[in-house]
Each structure stands twice: as C-alpha cells, then as structure tokens.
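In what follows, a single structure is set out as structure tokens and then discussed.
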Amino acid sequence: MILPPSFFNQPVLDVAPQLLGKYLVRRMGRRIIALPITELEAYDGPHDLACHGRFGPTPRTQVMFGHAGNFYVYLIYGMYWMLNIVTGPVGYPAAILIRGVGHLDGPGKVTKHLSIDKQFDNQPNTSATGLWIEDRGLLIPSQQIITTPRIGVTYAGPMWSQVPYRFVAKI
DNA sequence: GCAGTGATCATA
DNA sequence: ATGATCACTGCC
C-alpha cells in the first residue's frame, strides 16, 4: 500500500519511527528497486535551529511549508541530492531526511543509487512519478529502533544539535 | 584530516 | 555581483 498523505500529516516525531521499515520504491522503465528505510532524521518546525524552515519560506524551502507527503529534494555541496518527505500541516515546516535504505547508509548514497534528483522536488507520494514509499507489512519492533543526535548539524547550537531526532532501525 | 562542488541566500 | 555557507562523501 502506498502511504497516503494522511500518514504524513501528523507531527514529524510521530511519523519518523513509523517510517522505518517502509519501502522506498523507484521505478525506471521496467526496472524496480524497493528497499526498506533503515535510517532517517526529523526536522521539526521554525523553532528547530537545524531545520531549513527556520528562516521562513524561501524559493528552496517553501516545499517544507507545503503538503504532507510531498518530497523535498535539494542539492548539497554541489554534488549530493538529499531526499526528504514533508510532514505535518501546510504552513508548518517539517520534514524527514531519508539517510539509509537497505544496506546503503548515507543520504547521498541513497539518492545516487536510486537516481533521485531535483525532478522529484515537490512531487507527491505516488507511483505515477516513479518514486514512492509503500507499506509492505514489515514491522520494526521498538526495541530495534535506536535514536541519536542528528548528523552534521553542529551549526544548530548545543541544544538543537543534540536532540535525539535521528532514528536507526536494526534490520 | 580535508578537498571537491555548485546552488542558495544575504548583502550591496 | 560577490562571498559565506552547506542535513556529504571519498580519499589522504
């Protein structure tokens, strides 16, 4: 089952652990790649000093203020595409960064392996685009989920760089 | 430990 | 127009 917008239209910290074990699926012609999500990070609203939405909407970040379930894809360091999915109500900037699927770890490796780039930015979670997230019945017990601080956000200060918003599944 | 890489945004 | 910054990766 492809996850509907209502799945994502909840507080990002509620959605994040539920998204572990869901399958990220990419279709290119006849070729299909489907891998379970194993690692992700939550970015939660204007008060979160690590969140791109903290300065209000800009041409790049307005997607985060948009509809839950849409993808937010941007380029970092001139080389790597970051894949996020928007959560929560319109007007509230929150999203989840997909950092690992299958045995791939690292957000840049995920997008490189699945050929994900700007074309998916602000696209909804539907099979029509060739990129979607679906539930295949895999359940991750809470004992198999660990949380840690987010990676690469030291600029966010002592509190927001340390909150346990990174979720990792032991599969 | 650090170079590579280019879009983005603030400043002007 | 310019310059600092950056939710990373791979090689030293």
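Counting from 1 along the first sequence, just add 38 to a position and that's the residue number in the numbering used here.
The beta carbon of each residue, even a glycine, is placed where N, CA and C say it ideally should be.
Original post:
Quick one, which of ILE189, PRO127 and TYR118 has its alpha-carbon nearest THR149's?
Top reply: In the first sequence, residue 149 corresponds to position 111, counting from 1. When only C-alpha atoms are compared, the closest one is TYR118.
Subject >> Rounded straight-line distance, which links the Cα of PRO49 to that of GLN56 >> reply: Position 18 of the first sequence, counted from the start, is the residue given in the question as residue 56. Position 11 of the first sequence, counted from the start, is the residue given in the question as residue 49. GLN56 and PRO49: Cα-Cα distance of roughly 11 Å.
**OP:** If I'm right that ALA88 touches VAL191 with Cβ under 8 Å, what's the distance once you round it to whole angstroms?
**Re:** For this step, residue 88 is matched to residue 50 along the first sequence. For this step, residue 191 is matched to residue 153 along the first sequence. The Cβ separation is near 4 Å, so the contact holds.
**OP:** Following the continuous alpha helix (DSSP H) through MET197, name the residue where it begins and the one where it ends.
**Re:** Taking the first residue of the first sequence as 1, we reach residue 197 at position 159. First-last of the alpha helix (DSSP H) with MET197: 195-198.
**OP:** Report the option in ALA166, ARG174 and LYS156 whose CA atom is closest to the CA atom of GLY67.
**Re:** Indexing the first sequence from 1 puts residue 67 at position 29. Taking only the C-alpha atoms, the option nearest GLY67 is ALA166.
Subject >> Rounded C-alpha distance that separates MET39 from ARG174 >> reply: The residue labelled residue 39 in the question sits at position 1 within the first sequence. The residue labelled residue 174 in the question sits at position 136 within the first sequence. Each residue's alpha carbon lies about 7 Å from the other.
Subject >> Helix, strand or coil at LEU41 according to DSSP, with G and I counted as helix >> reply: Along the first sequence, read from residue 1 onward, the residue named residue 41 stands at position 3. LEU41: coil per DSSP, three-state reduction.
**OP:** Tell me, to the nearest whole angstrom, how far the beta carbon of PRO145 is from that of MET120; I am working on the premise that it is less than 8 Å.
**Re:** Residue numbering aside, residue 145 sits at position 107 when the first sequence is read from its first letter. Residue numbering aside, residue 120 sits at position 82 when the first sequence is read from its first letter. With 8 Å as the limit, PRO145 and MET120 qualify as a contact, their Cβ atoms being about 5 Å apart.
Subject >> Completely contained beta strand (DSSP E) runs for the stretch 73-140, where each covers 3 or more residues >> reply: 109-114, 118-124 and 132-139
Original post:
If you draw a straight line from the alpha carbon of ARG64 to that of MET197, how long is it in whole angstroms?
Top reply: For the purposes of this step, residue 64 is taken as residue 26 along the first sequence, with counting starting at 1. For the purposes of this step, residue 197 is taken as residue 159 along the first sequence, with counting starting at 1. Spanning the two alpha carbons is a distance of roughly 36 Å.
**OP:** Would you grab the beta carbon distance between LEU152 and ILE75 for me? Rounded to a whole angstrom, and I think it's under 8 Å.
**Re:** By one-based count along the first sequence, residue 152 stands at place 114. By one-based count along the first sequence, residue 75 stands at place 37. Going by Cβ atoms, the distance from LEU152 to ILE75 rounds to 12 Å, so no, they are not a contact pair.
**OP:** Quick one: grab the DSSP three-state call for VAL50.
**Re:** One-based indexing of the first sequence puts residue 50 at position 12. Helix, per DSSP.
**OP:** Could you spell out where the beta strand (DSSP E) holding THR186 opens and where it closes?
**Re:** Translated into positions along the first sequence, residue 186 becomes position 148. Per DSSP, THR186 belongs to the beta strand (DSSP E) from 183-186.
Original post:
Any idea which residues DSSP pairs PHE205 with across the strands?
Top reply: One-based indexing of the first sequence puts residue 205 at position 167. PHE205 is bridged to LEU78 and THR185.
Subject >> Closest residue to LEU73 among ASP155, PRO162, ILE154 and HIS141 (Cα-Cα distance) >> reply: Within the first sequence, numbered from 1, the residue matching residue 73 stands at position 35. Comparing Cα-Cα distances from LEU73 to each of ASP155, PRO162, ILE154 and HIS141, the minimum goes to HIS141.
Subject >> Contact belief for ALA80 with ALA106 at Cβ below 8 Å, rounded distance in angstroms >> reply: By 1-based counting over the first sequence, the position of residue 80 is 42. By 1-based counting over the first sequence, the position of residue 106 is 68. Actually they are not in contact, since the Cβ atoms of ALA80 and ALA106 sit about 13 Å apart, beyond 8 Å.
**OP:** Note down the Cα distance separating PHE158 from ASP52, rounded to an integer number of angstroms.
**Re:** Along the first sequence, read from residue 1 onward, the residue named residue 158 stands at position 120. Along the first sequence, read from residue 1 onward, the residue named residue 52 stands at position 14. In a straight line, the C-alpha of PHE158 is about 24 Å away from that of ASP52.
Subject >> Limits of the beta strand (DSSP E) - the one that VAL213 falls within >> reply: This structure cannot speak to residue 213, because the chain is shown only from 39 to 209.
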